[in-house]
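I have placed the structure first, in the form of structure tokens, so that the comments after it can refer back to it.
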Amino acid sequence: MTATQENRTASSIGQRVLNVDWQAKTSGAALYTGDIDLPGMLHARILRSPHPHATIRSINVNAAMAVPGVVAIVTGSELPDRTYIHHGGPMSDRRVLAQGTVRFVGEEIAGIAAETAAAAALALRRIDVKYKSLRAATTLQEALEPNAPQIHAKGNVSAHRVFHWGAADPLRPREVSVKGQYRFGRQTHATMETSSIVARWMPEAQILEIWTNTQAPFIVRKEIAHVLDLDLESIVIHEIAVGGGFGAKSKICEYEAIAAALSIKSGRPVKLVLTREEEFTCTKSRHSFTIDLETFATRDGLLSARSAQLLVDNGAYNHSGPSVMANGMQVIASLLRVPDVELDARLVYTNKQPGGQFRGYGGPQVAFAVESQTDEIAAALGMDPVDFRILNANRAGDVTPVGWQIHSARLVECLERARDEIGWAEKKKWAGSGRGVGFAAAIHVSGANIYEGANKSGAAIDITGDGVIRIRFGGADAGTWQKTLLTQFAAEELAVDSTRITVLTMESHQTPHELGAWSSRGTYMSGHAVGTVARKAAQKLRELGAVTLGVDVNDTVLRDGYVASGGQEVSFARIVELHCSGLLTLEEQIELPIEAVNRETGVANISGAYAFAVQAVEVEVDRETGKVKVIDAVSVHDSGIAINPIGMESQIVGGMAMGIGLALGEELLFEGGQSMTRSYISYPLPRADDLPPIRSILIEEVDPNGPYGAKGVGEIVLVPTGAAVANAIAHATGVRLYELPATPDRVLAALHGGTVKRGVSLWRRPSRWWIEGMRRAYPLGAHWLLHRIGRRFARPVVPLALTAIERPTSVEETAAALTRSGSRAIGGGTDFMPARRQGVATASTLVDLTVVPGLSTIATDGSGLLLGAAARLDDVSTYVAGTPFEVIQDAIDQIANPQIRSMATVGGNLCQLNRCWFLRNDFMCYKRGGASCPCYAVTGDHRFYHAVVDGHRCQSVTPSDLSTILTAMNAEVNVMSVNGAHTIPMTGLYKGPGETVLASGEFIQSILIPHATAGSGIAYAKLNRSSGDFAMVSAAASLTYGVDGVISRARVVLGAVAPTPWVVADAEEILVGSRSEDSIAQAARSWVHHAHPLAGNEWKVDAATSLLERVLRTAAERAKESGA
Amino acid sequence: MTSLYEEVTQVPDGVPTRRVTITVNGQKRTVDVEPRLLLAHLIRQGLKLTGTHTGCDTTNCGACTVLFDGRPIKSCTMLAVQADGHKVETVEGMGTASELHPIQEGFKEEHGLQCGFCTPGMMLAAKALLEKNPNPTEDEVRWALSGNLCRCTGYQNIVKAVLWAADKMRDQQA
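Protein sequence lines, in the order shown, are assigned to chains A and B.
The first sequence stops at residue 1142 when you use my numbering, and every number in between is there.
The second sequence stops at residue 370 when you use my numbering, and every number in between is there.
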């Protein structure tokens, strides 16, 4: 305890202080990089490689420069011949812009700055790059083959580390063992603000000013100075709000130097804001790990040893790969007490976007393996998984085999608390019930000395004669509460209320050197730095105050901005005015005695303190559809003393939510090196209603090395989550998942003991032979031929400039407008606008149906419910509530989300294009480019959104949920055109995936849904990956009972299983004339012989069968109620 | 990678702009816009109301949520000309520093913000909910916010903030 703490009046440490930015961020006033608008500012875009691996033969920018508005283009050959520093030495392998070779789809080739973003984007297409395509290795397997293409001159194994840490303990013989292989997918940060920079080069002053949403301004400055050969002092980084980090921005990113180079070349300010697609496909992601792990223990349950082989998919460049892999290895050696650890780890280049720093830094991947296997070995020993962990828990005083010195550890208490909070005593007996509980533990550094100077930090304090107390700190607050914590550290030392303290961050020329917020070092390092400088300021104020008051310094105390002694006091401001000419400034650079990482032996105590956490989750596993839902979550932490419990709890809850995302669905996916997860719609980041309430619990204990007893918390929050979910699934079902995320297909496969295979027979179905032949030909060369040669003849949509929006005043005017070339009807635009951006739809004139009188009708009359084509989904949902048509609400309320439902229309929903993630993500596929192009779903990842029945050249499905329910309700579609009106049944609306039979110039005017007859019941259900996502399967049924209790009519429809809404005629046939209880199960399965799934989506047949059975049962119940 | 970019067409010379009048935060604003201009871009660049953020431009993230005649919409998906004659409310219209809207107060009191990028969109989605349903359950709040992504908070404090505001607004009504 410091002298001032003894004298203080109230402590700021541990207070639930408001976030210092609350006002700026709730008023909209907070300024983010994208909000900056400087005079003369240009807008930049980046040209990126379309090839996973190719040689660049030439780049010609002449045509691009000729585009009106283009001011500057920069290519690799103009830049200094340098690579980013990253972790230094021979591992540094990435240039600002590709030179000679491109190694992943999305690699930066050129930057363009233009007067408008549109001009820059247009000019990108005019840069003529000649490539020679090279054979690519886009998967670990391809990269490790003996004759694999070499991604870098040194080969495809970037780093190979073999370590034996610790030693066999004779008292812990290897009596029991478990081994397994664990695979962990790629997650992306998905910060809400995309990567953004404004760079302003001032030629006269030779100064480069930068505003960028970084976590580490000083690293950005160092790297840009290096790669552009600038003087460090000539680069000025400014403070700006940062919309999320999570490691994405903890080092230099790959857009910052490009904007800087463009600004230097043009002499004008340049703004570069990455699109969300670029954010998903071109920024760094979490590395995917494949871990072969074996754990050994004694019969008494003491861990003896671990042995592991790691394969880390590095992507095309190193970045932090070696360091992420090293941390993963150290965690294997440190999580729980294990005396003897053997490791063999390889970091493998692949032709994919590189991995990089991401919250957890290898921890989540290895914790998934280690903590899954902890449960497995406990089970093998017949021990309770929590008891086993308690027995083997790390304890204070331990030194792990890799040299981590643990000074404080409340892991045992965390385990006990998690067990109690989740109610394990009661829930343990749920094993195998479909509901289950899982636990996992974690250890993590609090600022690791894995980067040059990472054990140093700096801070400055100004106390002015007019009463300002300001902390200047070079790090950034990306939403981590960093700034608020800085005020609390200073307030603690100065004994003032923390709200009196202001903070200046990120300003490179006004703050002492500081490496930023990453490696869970924010609290740890800033606490030491700010604490030290504020403590010195406090001492100085007391000394000067003592002089002012004429007393001994030892008789003074600090109190609310005053130095007080006996009955007299003098304010800080007055002291500073009297003794320091109005400004007391102190600046402090601290260096903590933390060992640097040892790249030779791997053994070092690389952090001042180690945090611990235990998470417990309760899951519900739908054994029939494979869907897993987390219904309770507890996260218990030993992160030392919480400086601000609100901040810590926020980090914990948000982190665990991110962990649940990676456990259940988030994964970047590629086909031939190209991503099909380029938007949130194909990347199921958890939404508010996907998550349970998460309970955060702090077990506080002073860490002797931590500032004010604190340890880090930012990363450990998601290290155990994947393992905890996997353990809970194992408890719920009795089967274990060895691969995350735990998607429904994988869960069903695990339950089936392997891939779901129903043994579909085709020999009596000649209509399917040619499709089957085609599918078989794909891997034998057809795919290659279509991909490499056929795509050259592609005829994709030619984007038209959107030049007019027509707002007709009548249906007739609408019909006339739609006859004109380039025109297209638009409802809410929620499909068309993204589709236009994705290059799959275009129009020069949009005809706005929502303003046409009569087209938004929602009305009921004798013939049924009439829905105008432009009726908004949420209006329909509201209208049908409490009416006989209420079942439509079940469907609508699961479509997308409130904003989309308040814009989207009935007609638009029915007519939306298919949602295939190849089509929508820039693959030049059959649907996009025509018959000469391949369907990428045949050989690519088709687990979720492709057909299992009737697939043809295009394997995708009609995505409209309304089409499923309206088909079941026997709706009719009123179609209009200049040639007049006609009506078609819903069953006749579609001819293919997202393709209607409407001819050019025709549009849907309305939908008529007939009244259901008495004794009818209708039901609907949908299986999707996350809230608001498109259906993987939907099912709807309408059943009518006759007076004799026998089903007289049945309409049964499956959505998202076939190219069009699929009427299950076999089921209808079985149901009609039967009593529901006899026939439903049989009817639900009746269609399976029509299935012709792809290799990886056969699980959908099972899921659809189960969903259909539920829907039939609900419909039957409702029919009986309605008849009763 | 060609279709990554928001606009790849060149508008021919002579395409007329459209004059639109939109009531933004209670004030009538008349502007001439290109037909292809998105409402989000009009709000941010034309009207300089940068509290409305854009995070994906593809209808997914909800950062650009504004109220359109009181309904929550994603302004990255609507063309500015479609807003002609309508009312748009952005975060700047919610409250003032001296007189916070109860939802802003809720976000303050329940710590419903971290990096702050999603905050304006969240608050407007919440406002639309509370106008329709003054007494929502936690599940209803989560459902109503399902169009707005947040990567920092795990939504929990945001949900609490909305429930806090609902309480306060009901008290004010009472």
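Ideal Cβ positions, reconstructed from N, Cα and C, are used throughout, including at glycine.
Pop quiz: residue i and residue j are said to be a contact at Cβ under 8 Å. What is the actual Cβ separation, rounded to whole angstroms?
i               : j               : result
A477 (chain A)  : I489 (chain A)  : 6 Å
Y580 (chain A)  : S464 (chain A)  : Wrong, their Cβ atoms sit about 35 Å apart, outside the cutoff.
S1104 (chain A) : V1064 (chain A) : Contact flag wrong, Cβ pair sits at about 18 Å.
G677 (chain A)  : P382 (chain A)  : 7 Å
C300 (chain A)  : G124 (chain A)  : 4 Å
A1121 (chain A) : T643 (chain A)  : 4 Å
K302 (chain A)  : L309 (chain B)  : Rounded, the Cβ-Cβ distance is 26 Å, inconsistent with contact.
W229 (chain A)  : I242 (chain A)  : At roughly 13 Å, the Cβ-Cβ gap does not stay under 8 Å, so W229 (chain A) and I242 (chain A) are not in contact.
How should residue i be labelled, buried or exposed, when 16 other C-beta atoms within 10 angstroms of its C-beta is the threshold for buried?
i               : result
Q1023 (chain A) : buried
G886 (chain A)  : buried
K775 (chain A)  : exposed
T27 (chain A)   : Any reading at T27 (chain A) must be qualified, since the residue scores a pLDDT of 49, below 50, and its modelled position is unreliable; the value itself is stated next. Exposed is the call here.
F307 (chain A)  : buried
H15 (chain A)   : With chain A covering only 19 through 1142, there is no way to say anything about residue 15 (chain A).
F811 (chain A)  : exposed
H527 (chain A)  : exposed
T773 (chain A)  : exposed
N473 (chain A)  : buried
N572 (chain A)  : exposed
S516 (chain A)  : buried
Starting from the beta carbon of residue i, find every residue of chain A whose beta carbon is closer than 8 Å, and list them in chain order.
i              : result
E288 (chain B) : S45, G46
A321 (chain B) : P916, Q917
H249 (chain B) : Y50, G52, M210, E211, G261
Residues of chain A with CB closer than 7 Å to the CB of residue i, please, in chain order.
i              : result
N329 (chain B) : Within 7 Å Cβ-Cβ: nothing; N329 (chain B) doesn't reach chain A, min ~11 Å.
R338 (chain B) : A706, D707
N353 (chain B) : S668
T261 (chain B) : Q917
M365 (chain B) : Here the premise fails: no neighbours, minimum Cβ distance about 16 Å.
T273 (chain B) : G847, T848, M851, M921
Since residue i meets chain B, which of its residues come closer than 8 Å, beta carbon to beta carbon?
i              : result
Y580 (chain A) : Here the premise fails: no neighbours, minimum Cβ distance about 29 Å.
E516 (chain A) : Rather than Glu, the amino acid found at residue 516 (chain A) in this sequence is Ser. Going along chain B, no residue has its Cβ under 8 Å from S516 (chain A), so there is no contact; the nearest lies around 15 Å.
L928 (chain A) : Simply none; closest approach about 18 Å.
Residues of chain B with a CB under 7 Å from the CB of residue i: which are they?
i              : result
P852 (chain A) : T254, T255
Q41 (chain A)  : A293
I712 (chain A) : G350, Q352
On the DSSP bridge assignment, give the partners of residue i in chain order.
i               : result
P1028 (chain A) : A:G882
K474 (chain A)  : A:E609
R225 (chain B)  : B:I218
D866 (chain A)  : A:I844
R713 (chain A)  : A:V652
What do you reckon, is the C-beta of residue i under 7 Å from a heavy atom of the ligand COA?
i              : result
L243 (chain B) : No copy of the ligand COA occurs in the structure displayed, which carries no ligand at all.
Determine the chain A residues that contact residue i at a beta-carbon separation under 9 Å, and present them in chain order.
i              : result
R267 (chain B) : R890, D892, P916, Q917, S920, M921
T213 (chain B) : Here the premise fails: no neighbours, minimum Cβ distance about 10 Å.
T333 (chain B) : Ordered by position in chain A, no residue passes the 9 Å Cβ test against T333 (chain B), which lies about 12 Å from the chain.
Starting from the beta carbon of residue i, find every residue of chain B whose beta carbon is closer than 9 Å, and list them in chain order.
i              : result
I664 (chain A) : H307, N353
Check whether the segment 411 to 431 of chain A touches the segment 707 to 715 of chain A, counting contact only when three or more Cβ pairs, one atom from each stretch, lie closer than 8 Å. Under the 8 Å Cβ criterion, the segment 411 to 431 of chain A does not count as touching the segment 707 to 715 of chain A, having fewer than three qualifying pairs.
Three or more beta-carbon pairs under 8 Å between the segment 721 to 728 of chain A and the segment 490 to 499 of chain A, yes or no? No: fewer than three Cβ pairs fall under 8 Å.
Three-pair Cβ contact test at 8 Å for the segment 390 to 408 of chain A versus the segment 359 to 378 of chain A: As far as the Cβ criterion goes, the segment 390 to 408 of chain A does not touch the segment 359 to 378 of chain A, which means the pair count is below three.
Between the segment 1047 to 1059 of chain A and the segment 1024 to 1039 of chain A, do at least 3 Cβ pairs fall closer than 8 Å? Yes, they touch.
Using 8 Å as the threshold, is the segment 823 to 837 of chain A in touch with the segment 984 to 999 of chain A, meaning 3 or more CB pairs across them? Verdict: yes, contact present.
For the pair the segment 238 to 251 of chain B and the segment 48 to 66 of chain A, tell me if three or more CB-CB distances fall below 8 Å. Between the segment 238 to 251 of chain B and the segment 48 to 66 of chain A, the count of Cβ pairs shorter than 8 Å is three or higher; the stretches touch.
Three or more C-beta pairs below 8 Å linking the segment 664 to 683 of chain A and the segment 905 to 923 of chain A: No, because fewer than three Cβ pairs between the segment 664 to 683 of chain A and the segment 905 to 923 of chain A fall closer than 8 Å, the two stretches do not touch.
Counting Cβ pairs closer than 8 Å, one from the segment 630 to 645 of chain A and one from the segment 450 to 457 of chain A, do we hit at least three? Contact holds: three or more Cβ-Cβ distances are below 8 Å.
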